[in-house]
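*Asks:* Those sequence lines, one after another, are chains A and B.
The opening residue of the first sequence carries number 0 in numbering that gives the first Met the number 0; numbering runs sequentially from there.
The opening residue of the second sequence carries number 0 in numbering that gives the first Met the number 0; numbering runs sequentially from there.
C-beta atoms are modelled at their ideal positions from N, C-alpha and C, and glycine is treated no differently.
Remember, predicted model here, so these are calculated numbers, not experimental data.
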Amino acid sequence: MTSEPVIRLTGIAAPLLRDNVDTDQIIPSRAIRLQKAGLGRSLFAAWRYSDDAGCENPEFVLNREAYRRANFLIGGANFGCGSSREAAVWALKDFGFAAILAESFGNIFYANCIANGLVPVALERTAVSRLAALAEDVEGRDLFRIDVESCTVHPPDGSSIRFFLPVLYRRMLVSGKKMIDVVLEHEDEIEACEQRNRAEQPWLVPVR
Amino acid sequence: MINSAPPRRRPRTLFDKIWQRHVVSDFGDGLCLLYIDRILLHERGGGMALAALSRAGRRVRRPETVFATFDHVLDTRPGRTGAALASGGAEFIDALRRGSAFHGVELFDIADERQGIVHVISPEQAIVLPGTTVVCNDSHTCTLGGVSTLGLGIGTSDIEHVLATQTLVTHRPKTMRLRLEGRLPASLTAKDLVLHVIGTIGAAGANGYAVEMAGAIVRDMTVEERLTVCNMAVEFAARSAVISPDEKTFRYLAGGTFAPKRALWERAVAAWRELASDADAVFDAETVVDCGDLEPQVTWGTSPEHTLPIGGAVPRPEECRDPARARRSLEYMELTPGMPIAGLPVDGAFIGSCTNGRLSDLRTAAEILKDRRVAPTVRALCVPGSTRVKRMAEAEGLDRIFVNAGFEWRESGCSLCFSGGENFEPGRRVITTTNRNFENRQGRFVRSHLASPKTVAASAIAGHIVGADMLGNRAR
Chain A
0 MTSEPVIRLT
10 GIAAPLLRDN
20 VDTDQIIPSR
30 AIRLQKAGLG
40 RSLFAAWRYS
50 DDAGCENPEF
60 VLNREAYRRA
70 NFLIGGANFG
80 CGSSREAAVW
90 ALKDFGFAAI
100 LAESFGNIFY
110 ANCIANGLVP
120 VALERTAVSR
130 LAALAEDVEG
140 RDLFRIDVES
150 CTVHPPDGSS
160 IRFFLPVLYR
170 RMLVSGKKMI
180 DVVLEHEDEI
190 EACEQRNRAE
200 QPWLVPVR
Chain B
0 MINSAPPRRR
10 PRTLFDKIWQ
20 RHVVSDFGDG
30 LCLLYIDRIL
40 LHERGGGMAL
50 AALSRAGRRV
60 RRPETVFATF
70 DHVLDTRPGR
80 TGAALASGGA
90 EFIDALRRGS
100 AFHGVELFDI
110 ADERQGIVHV
120 ISPEQAIVLP
130 GTTVVCNDSH
140 TCTLGGVSTL
150 GLGIGTSDIE
160 HVLATQTLVT
170 HRPKTMRLRL
180 EGRLPASLTA
190 KDLVLHVIGT
200 IGAAGANGYA
210 VEMAGAIVRD
220 MTVEERLTVC
230 NMAVEFAARS
240 AVISPDEKTF
250 RYLAGGTFAP
260 KRALWERAVA
270 AWRELASDAD
280 AVFDAETVVD
290 CGDLEPQVTW
300 GTSPEHTLPI
310 GGAVPRPEEC
320 RDPARARRSL
330 EYMELTPGMP
340 IAGLPVDGAF
350 IGSCTNGRLS
360 DLRTAAEILK
370 DRRVAPTVRA
380 LCVPGSTRVK
390 RMAEAEGLDR
400 IFVNAGFEWR
410 ESGCSLCFSG
420 GENFEPGRRV
430 ITTTNRNFEN
440 RQGRFVRSHL
450 ASPKTVAASA
460 IAGHIVGADM
470 LGNRAR
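Here's what the structure looks like:
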């Protein structure tokens, strides 16, 4: 089983340079449903809307005309910290985001990004600040590019910035392959590890 | 004489010992395939993962290692019927029930004596054991480090992956030893300590690390105190937290429903005695947090790192780690720099959650509430962390103390820790034993102040934030 390959991305970047943006802010608990589709409406609900009726807060970045169709979000440190809710990633994707560029990520959020083909781009603080300033300057008129295969960000000023993505994750994104299919190739090793541990530590099998 | 001693093994940390035994394969770049011993599921995501597995035509690889419970959106009001209050909540409950039945997964359903918050019931019933790897669709899975389990919070897709393969693809975190040092006042609680740790190292302080909580203070803690401390490790961005096991750990787990029995128990304990970090083990980072003469702690802002001693004053943004965030927090919390945090009126008080919903937490709060009444302006709730905790508390008469004081006495679950169906009224100020003071977490514009069960109980009585030591006399 595969999902959409993610190779080269081009789009508008929106700056949200805040540290410790938690997943409760990305998608409030009360907006989460069993279905993934439609969550984009509730993305950053408490910041984006000034009331429950959906009246927009004009100051919030995603309500500014230039960033309504943004594809990249530029965040601060520890982006996506807090709750493990995968709905945070589904909401970002449903809104139209294809990559998040930040100084660092909440550990669980990062893994959830990979599982859903949302590219997590970790960069130095100075680089993040520069890109956020640039995104603010160009106001969506000029596009940013991200090359997943070469792990490079190409901002519209002609520069390029490398980022780190483990080879395995890169392969998953570029091929659109699911992790499960890669891992099942290791079934013999899984079985061996299980047999060894259960033989040496029989209490690993729950006692009922 | 020939030296026949075996070559000395490189000293290892507790984390190293657990990790090495579970690595199936190394993918390079720090990514490993890790074998998982237990999979814990709750209804917020558990049912989705099981359904996705069915749709893909796959089976649960080892159903005997999977345990499911209801806690997140389950109604906690007395006399609950199993209906969910959250819109869409019933679907989550239904999905987990159907998925568990289909895949042969053991589910602690609503009327089951074993139901409760997943991180409370799993050590309580010895579902998790020292040296094991455990995943759950919940960020507070790090709680389980309190019984020397490597608990990893993961998302729904990764849960599906582990259900199918019994493995997780994950980064090997770096190791950090976080030593708590100093002489503590006897009245201080584990919650105060961990809030102080987050205030000191920051909400991103241990990003990328598996942290071992260590030092004499941790050694002297009860297991339930250790669970409280490890619970909040995710609030300082740790991948997980662990504490080396000792006799207290073994006593806590002994006799648990799913604990190994008799000879197998003896064998297990002998192996667990070897798990503690070696004396000369080297960590990637060492952090010391001075806890000497610490006062009870309470948060003022919208990040768990916004902590204050209860005798302290709200800081100026410039004094904070992230001044812009602090400015927004002050505005959201309706506070001004320089004002003392004690004396701030509260409308709500919440005791419970995976942080502070265990029997010892309820006992501590009840000691303060005995022969006292909650201020008439305060809505106060106590939500036991598990059905067993509730029963044990009732057997000791704690429920009468809570009810007589004016607290609501609830069925077990996560309840108002977050908006899982019920909310505090918009804009209310709440003092709470939970772990997150994020904006809108407990309701629209609700202002949450994190504190210990003692401080929450005392503040509920006073009607404003106050330390238990400052409370007036009991009613006659």
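Consider the Cβ of B:S243: report whether some Cβ of chain A lies at a distance smaller than 8 Å.
*Replies:* As a first step, residue 243 of chain B is located in the second sequence; it is residue number 244 there, counting from the start. Not an interface residue.
*Asks:* For chain B, check one thing: does any of its Cβ atoms lie closer than 8 Å to the Cβ of A:D21?
*Replies:* Position 22 of the first sequence, counted from the start, is the residue given in the question as residue 21 of chain A. Yes, A:D21 counts as interfacial toward chain B.
*Asks:* What residue ranges within the stretch 278-337 of chain B form continuous beta strand (DSSP E) runs of no fewer than 3 residues, ordered along the chain?
*Replies:* Within the stretch 278-337 of chain B, the complete beta strand (DSSP E) runs of at least 3 residues are 284-289, 296-298, 306-308.
*Asks:* So which residues on chain A does B:N136 lean against when the C-beta distance must stay under 7 Å?
*Replies:* Residue 136 of chain B sits at position 137 when you count from the first residue of the second sequence. Going along chain A in sequence order, the residues near B:N136 (Cβ under 7 Å) are S83.
*Asks:* Is B:M175 helix, strand or coil by DSSP?
*Replies:* Working through the second sequence from its first residue, we reach residue 175 of chain B at position 176. Reduced to three states, the DSSP call for B:M175 is strand.
*Asks:* Please check if any C-beta of chain A sits within less than 8 Å of the C-beta of B:V23.
*Replies:* If you number the second sequence from 1, residue 23 of chain B lands on position 24. Yes, B:V23 counts as interfacial toward chain A.
*Asks:* Is there a C-beta anywhere in chain B that falls below 8 Å from the one on A:M0?
*Replies:* In the first sequence, residue 0 of chain A corresponds to position 1, counting from 1. The pLDDT assigned to A:M0 is 42, lower than 50, so where the model puts this residue is not dependable, and the model offers no usable value.
*Asks:* I'd like to know if A:E148 contacts chain B, where contact means its C-beta is closer than 8 Å to some C-beta of that chain.
*Replies:* Start at 1 with the first residue of the first sequence, and residue 148 of chain A comes out as number 149. No, no contact with chain B.
*Asks:* According to DSSP, is B:V168 part of a helix, a strand, or is it coil?
*Replies:* Here residue 168 of chain B corresponds to residue number 169 of the second sequence, with the count starting at 1. Strand at B:V168.
*Asks:* Between A:H153 and chain B, is any beta-carbon pair separated by less than 8 Å?
*Replies:* Numbered from its first residue, the first sequence carries residue 153 of chain A at position 154. No - not a single Cβ of chain B is within 8 Å of the one on A:H153.
*Asks:* Shorter than 8 Å from the beta carbon of B:G440 to some beta carbon of chain A?
*Replies:* Within the second sequence, the letter at position 441 stands for residue 440 of chain B. Note that residue 440 of chain B is Arg in the sequence shown here, rather than Gly. Output row for B:R440: interface = yes.
*Asks:* Determine the closest residue to A:R161 out of A:G175, A:V173, A:D146, with distance taken between C-alpha atoms.
*Replies:* Numbered from 1 along the first sequence, position 162 holds the residue referred to as residue 161 of chain A. Of the listed residues, the one whose Cα sits closest to A:R161 is A:D146.
*Asks:* By Cβ distance below 7 Å, which residues in the same chain neighbour B:V233 in space, the five residues on each side in sequence not counted?
*Replies:* Along the second sequence, one-based indexing puts residue 233 of chain B at 234. Excluding residues within five positions, the ones whose Cβ falls inside 7 Å are S138, H139, C141, G152.
*Asks:* Give a yes or no on whether 8 Å exceeds the smallest Cβ distance from A:P165 to chain B.
*Replies:* What you label residue 165 of chain A is simply residue 166 of the first sequence in a count that begins at 1. True, the Cβ-Cβ gap to chain B drops below 8 Å.
*Asks:* Which residues in chain B sit within 9 Å of A:I145, going by Cβ to Cβ distance?
*Replies:* Residue mapping note: residue 145 of chain A aligns to position 146 of the first sequence, counting from 1. What A:I145 touches in chain B: nothing, since even the nearest Cβ is about 19 Å away.
*Asks:* Select from the stretch 316-339 of chain B all residues with a C-beta closer than 9 Å to any C-beta belonging to chain A, and list them in chain order.
*Replies:* For the stretch 316-339 of chain B, which is checked against every Cβ of chain A, the residues closer than 9 Å are R320, D321, A323, R324, R327.
*Asks:* Exposed or buried, B:S458, counting other C-beta atoms within 10 Å across all chains shown (16 or more means buried)?
*Replies:* Here residue 458 of chain B refers to the residue found at position 459 when the second sequence is read from its first residue. Flag for B:S458 reads buried.
*Asks:* So is B:P129 buried or exposed if we call it buried at 16+ other beta carbons inside 10 Å?
*Replies:* As a position in the second sequence, residue 129 of chain B is number 130, starting the count at 1. Result: buried.
*Asks:* Taking the alpha carbon of B:E317 as the point to measure from, which residue in B:R409, B:R327, B:V161 has its own alpha carbon closest?
*Replies:* Position 318 of the second sequence, counted from the first residue, corresponds to residue 317 of chain B. With distances taken between Cα atoms, B:E317 lies closest to B:R327.
*Asks:* Report the neighbours of B:S418 on chain A: residues whose CB is nearer than 8 Å to its CB, in chain order.
*Replies:* The residue labelled residue 418 of chain B in the question sits at position 419 within the second sequence. The answer, in chain order, is P27, S28, R29.
*Asks:* Please report whether the beta-carbon of B:E63 lies at a distance below 8 Å from any beta-carbon of chain A.
*Replies:* Indexing the second sequence from 1 puts residue 63 of chain B at position 64. It does: the Cβ of B:E63 has a partner Cβ on chain A nearer than 8 Å.
*Asks:* Quick check: what's the CA-CA separation for A:V137 versus B:L380?
*Replies:* Here residue 137 of chain A corresponds to residue number 138 of the first sequence, with the count starting at 1. Here residue 380 of chain B corresponds to residue number 381 of the second sequence, with the count starting at 1. Going by the C-alpha atoms only, they are around 51 Å apart.
*Asks:* DSSP puts A:R144 in a beta bridge; with which residues?
*Replies:* Here the question's residue 144 of chain A lines up with position 145 in the first sequence. According to DSSP, which records beta bridges pairwise, A:R144 is partnered with A:T9, A:H153.
*Asks:* Compare the Cα-Cα distances from B:I116 to each of B:L334, B:L343, B:V388 and report the closest residue.
*Replies:* Position 117 of the second sequence, counting from 1, holds the residue named residue 116 of chain B. For B:I116, the nearest C-alpha among the options comes from B:V388.
*Asks:* DSSP three-state label for A:K35, please.
*Replies:* Here residue 35 of chain A corresponds to residue number 36 of the first sequence, with the count starting at 1. Coil, per DSSP.
*Asks:* For a contact defined as C-beta to C-beta under 8 Å, what are the partners of B:E90 on chain A?
*Replies:* In the second sequence, residue 90 of chain B corresponds to position 91, counting from 1. Within 8 Å Cβ-Cβ: R32, L33.
*Asks:* Short of 7 Å Cβ to Cβ, which residues in the stretch 435-468 of chain B face chain A?
*Replies:* Hits within the stretch, in order: R435, F437, E438, N439, R440.
*Asks:* Between A:R84 and the rest of its own chain, which residues show a CB-CB distance below 7 Å, the 5 nearest in sequence each way excluded?
*Replies:* Stepping through the first sequence from its first residue, residue 84 of chain A is reached at position 85. These residues qualify, in order along the chain: T22, I26, I31.
*Asks:* In the DSSP assignment, find the unbroken beta strand (DSSP E) run with B:I367 in it and report its ends.
*Replies:* For the purposes of this step, residue 367 of chain B is identified with residue 368 of the second sequence, where counting begins at 1. Per DSSP, B:I367 belongs to no beta strand (DSSP E); it is in the alpha helix (DSSP H), 358-368.
*Asks:* If I'm right that B:F249 touches B:G204 with Cβ under 8 Å, what's the distance once you round it to whole angstroms?
*Replies:* For the purposes of this step, residue 249 of chain B is taken as the residue at position 250 of the second sequence. For the purposes of this step, residue 204 of chain B is taken as the residue at position 205 of the second sequence. That belief does not hold up - the Cβ atoms of B:F249 and B:G204 are roughly 31 Å apart, past 8 Å.
*Asks:* Taking the alpha helix (DSSP H) that A:M178 belongs to, which residues open and close that run?
*Replies:* Taking the first sequence and counting its residues from 1, one reaches residue 178 of chain A at position 179. Taken as a continuous stretch (DSSP letters only), the alpha helix (DSSP H) holding A:M178 covers 178-182.
*Asks:* Check for me: the alpha helix (DSSP H) holding B:V228 runs from which residue to which?
*Replies:* Taking the first residue of the second sequence as position 1, residue 228 of chain B is located at position 229. Counting along the chain, the alpha helix (DSSP H) containing B:V228 begins and ends at 222-230.
*Asks:* Indicate whether B:I38 and B:L226 have their beta-carbon atoms separated by less than 8 Å.
*Replies:* Along the second sequence, one-based indexing puts residue 38 of chain B at 39. Along the second sequence, one-based indexing puts residue 226 of chain B at 227. Result no, Cβ atoms of B:I38 and B:L226 do not sit closer than 8 Å.
*Asks:* What residues in its chain sit with their C-beta under 6 Å from that of B:D283, if we drop five residues either side in the sequence?
*Replies:* Looking up residue 283 of chain B in the second sequence gives position 284. Once the five neighbours on either side are set aside, the close Cβ partners of B:D283 are K173, T174.
*Asks:* Tell me, please, whether the CB atom of B:M175 is closer than 8 Å to any CB atom in chain A?
*Replies:* Here residue 175 of chain B is taken as the residue at index 176 of the second sequence, counted from 1. Output row for B:M175: interface = no.
*Asks:* Is it right to say A:M178 is buried, meaning 16 or more other beta carbons lie within 10 angstroms of its own, or is it exposed?
*Replies:* Residue mapping note: residue 178 of chain A aligns to position 179 of the first sequence, counting from 1. Counting Cβ neighbours within 10 Å, A:M178 comes out buried, since at least 16 surround it.
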